[in-house]
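The numbers in the sequence shown follow the working numbering, run straight up by one, and end at 161. Don't be surprised by glycine CBs; every beta carbon is placed ideally from N, CA and C. To start, the structure itself, in structure tokens.
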Amino acid sequence: MSGAVEAKLAELGLTLPDVVPPLAAYQPAVRSGAYVFTAGQLPMVGGSLPTTGKVGAEVSAEEAKKLAAVCALNALAAVKSVIGDLDKIERVVKVVGFVASAPDFTGQPGVLNGASELLGEVLGDKGVHARSAVGVAVLPLDAPVEVELQVEVSAS
Numbered sequence: 006m007s008g009a010v011e012a013k014l015a016e017l018g019l020t021l022p023d024v025v026p027p028l029a030a031y032q033p034a035v036r037s038g039a040y041v042f043t044a045g046q047l048p049m050v051g052g053s054l055p056t057t058g059k060v061g062a063e064v065s066a067e068e069a070k071k072l073a074a075v076c077a078l079n080a081l082a083a084v085k086s087v088i089g090d091l092d093k094i095e096r097v098v099k100v101v102g103f104v105a106s107a108p109d110f111t112g113q114p115g116v117l118n119g120a121s122e123l124l125g126e127v128l129g130d131k132g133v134h135a136r137s138a139v140g141v142a143v144l145p146l147d148a149p150v151e152v153e154l155q156v157e158v159s160a161s
């Protein structure tokens with residue numbers, strides 16, 4: 006099932022990937038009432054990470070920004086797995102992003118703009134959200150970035 010949101014993805018040259026299988030004992034996304042919460046999504050492409058390492062060392066901020074957009078796309082796939090149709094998204098409420106950072110790297114907000122900008126392009130005003138951008142020492146599989154979403158969805 007696809008609608009306006011997936012048409013917008015196609016217009017942007019993007020396709021919704023398969024849901025990334027969990028790396029441990031959790032679900033990629035769960036619904037609670039009017040909200041869907043995603044697990045942290047890594048920038049997996051075709052089942053593997055395109056790059057690993059710390060942002061500001063092995064990975065450039067610009068490359069990490071692109072990876073954050075991949076994380077957001079994976080998060081949308083996880084949301085769809087729960088609600089069936091991305092057109093049911095009322096709004097993205099919150100984005101939380103983690104950036105595996107070199108000790109002197111302070112550009113986490115710029116990296117997370119990759120996810121925020123993708124959500125805005127795809128969802129328009131429904132993609133405008135609150136956000137946290139957190140620098141961390143290391144992420145699972147040595148991923149440079151991880152993103153999770155909280156999305157409000159319609160009842161239907």
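Check: Distance, Cα to Cα, S86 vs S37?
Finding: By 1-based counting over the sequence shown, the position of residue 86 is 81. By 1-based counting over the sequence shown, the position of residue 37 is 32. Their backbone Cα atoms lie some 14 Å apart in a straight line.
Next item on the list: Output yes or no for whether 8 Å exceeds the beta carbon distance between G125 and G132.
Entry: Here residue 125 is taken as the residue at index 120 of the sequence shown, counted from 1. Here residue 132 is taken as the residue at index 127 of the sequence shown, counted from 1. Annotated as proximal: G125 and G132, with beta-carbon spacing under 8 Å.
Checklist line | Residue(s) in a DSSP beta bridge with E157 | finding: Counting from one through the sequence shown, the residue named residue 157 turns up at place 152. DSSP lists Y40 and R96 as partners of E157.
Margin query: I need the boundaries of the alpha helix (DSSP H) containing G112, first residue and last residue.
Written below: Position 107 of the sequence shown holds residue 112. Where G112 is concerned, there is no enclosing alpha helix (DSSP H), given that its DSSP letter is neither H nor E.
Notebook entry, point to check: DSSP on V10, reduced to helix/strand/coil?
Noted result: To locate residue 10, count along the sequence shown from 1; it is residue 5. In this structure, V10 counts as helix in the three-state DSSP scheme.
Notebook entry, point to check: According to the neighbour-count rule (16 or more other Cβ atoms, all chains shown, within 10 Å of its Cβ), is G129 buried or exposed?
Noted result: Within the sequence shown, numbered from 1, the residue matching residue 129 stands at position 124. So G129 ends up on the exposed side.
Note to self: When you compare the CB positions of R136 and L154, do they come within less than 8 Å of one another, or not?
What the structure shows: Here residue 136 corresponds to residue number 131 of the sequence shown, with the count starting at 1. Here residue 154 corresponds to residue number 149 of the sequence shown, with the count starting at 1. No, the Cβ-Cβ distance between R136 and L154 is not below 8 Å.
Item checked: Residue nearest to V101 in terms of C-alpha spacing, selected from V141, D109 and M49 -> As a working mapping, residue 101 is identified with position 96 in the sequence shown. Ranking the options by Cα distance to V101, first place goes to V141.
Check: Should the segment 55–62 be called in touch with the segment 25–33, which here means at least 3 C-beta pairs below 8 Å?
Finding: No: the two stretches stay apart, fewer than three of their Cβ pairs being nearer than 8 Å.
Note to self: Are the CB atoms of V152 and A80 within a distance shorter than 8 Å?
What the structure shows: Start at 1 with the first residue of the sequence shown, and residue 80 comes out as number 75. Start at 1 with the first residue of the sequence shown, and residue 152 comes out as number 147. Against a cut-off of 8 Å, the Cβ pair of V152 and A80 comes out as a contact.
Next item on the list: Please report how far the alpha carbon of G18 lies from the alpha carbon of V127, in whole angstroms.
Entry: Working through the sequence shown from its first residue, we reach residue 18 at position 13. Working through the sequence shown from its first residue, we reach residue 127 at position 122. Their backbone Cα atoms lie some 11 Å apart in a straight line.
Margin query: For the beta strand (DSSP E) containing A148, name the first residue and the last one.
Written below: Position 143 of the sequence shown, counting from 1, holds the residue named residue 148. From DSSP, A148 is part of no beta strand (DSSP E); its letter is neither H nor E.
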